[in-house]
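All remarks here apply to the structure that follows.
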Amino acid sequence: MRRGFTLLEVLLASIILGLGLVAILASMSQSQKMMLSSSYLETAQEVMDLGEMAYPLADVKDPERELDVRETKATELWDIVAGAHGPRMTREQEDKFHDYTWERVALNVKDSDEDIKRLGNLYTVRVIVRWGSGRTSRREEESYVTFWRKKE
Numbered sequence: 008m009r010r011g012f013t014l015l016e017v018l019l020a021s022i023i024l025g026l027g028l029v030a031i032l033a034s035m036s037q038s039q040k041m042m043l044s045s046s047y048l049e050t051a052q053e054v055m056d057l058g059e060m061a062y063p064l065a066d067v068k069d070p071e072r073e074l075d076v077r078e079t080k081a082t083e084l085w086d087i088v089a090g091a092h093g094p095r096m097t098r099e100q101e102d103k104f105h106d107y108t109w110e111r112v113a114l115n116v117k118d119s120d121e122d123i124k125r126l127g128n129l130y131t132v133r134v135i136v137r138w139g140s141g142r143t144s145r146r147e148e149e150s151y152v153t154f155w156r157k158k159e
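Here you go:
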């Protein structure tokens, strides 16, 4: 009777160990991607909040002129919210919000007055936050749709 392992047993153990290590590394890589994505979405939510503070829907009087807001940099939104004498962005915040933009689009503002009245003076509004540069990666966006009612 011989002592030790055969070459086949060592090879099988190496394959099993290798598959386990590959699975662990793949799950670590996936976890890192999820953490990065979560960070982007958290910053996008902050930009959405800044946009709502800078251009509140409650202040809209004329939907044809005031519902649509052009794509605006997050740093510009900060300046609008903070005002001339408010707090300035820190360097860390500037880096965080660098590639983020905010936009609001009324989806049915071009509908006829009859159609809008039939909907109960309800406008559909889409808020979009975009980030990422076109040079290094694809541009990503997060959006939500809300409603705004024109007061009679």
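Residue numbering for the sequence shown follows our numbering, starting at 8 and increasing by one per position. Ideal Cβ placement from N, Cα and C applies to all residues, glycine included.
query: Proximity below 8 Å, CB of Arg-165 to CB of Arg-156; result: Residue 165 is absent from the model: the chain starts at 8 and stops at 159.
query: Buried or exposed (CB count within 10 angstroms, at least 16 for buried), Tyr-151; result: exposed
query: Gly-93 to Gln-100 span [Cα, whole Å]; result: 15 Å
query: Span of the beta strand (DSSP E) around Glu-148; result: 147-156
query: Selected residue, minimal CA-CA separation from Glu-110, among Leu-129, Ala-81 and Thr-131; result: Ala-81
query: Paired residues, beta bridge with Ala-113 - DSSP; result: Val-132
query: Helix, strand or coil at Val-67 [DSSP, three-state]; result: coil
query: Contact between the stretch 54-73 and the stretch 111-118 (3+ Cβ pairs under 8 Å); result: yes
query: Terminal residues of the alpha helix (DSSP H) in which Thr-50 lies; result: 14-61
query: Contacts around Ala-61, its chain only, beta-carbon distance under 6 Å, and the 5 residues preceding and following it disregarded; result: Leu-84, Ile-87 and Val-88
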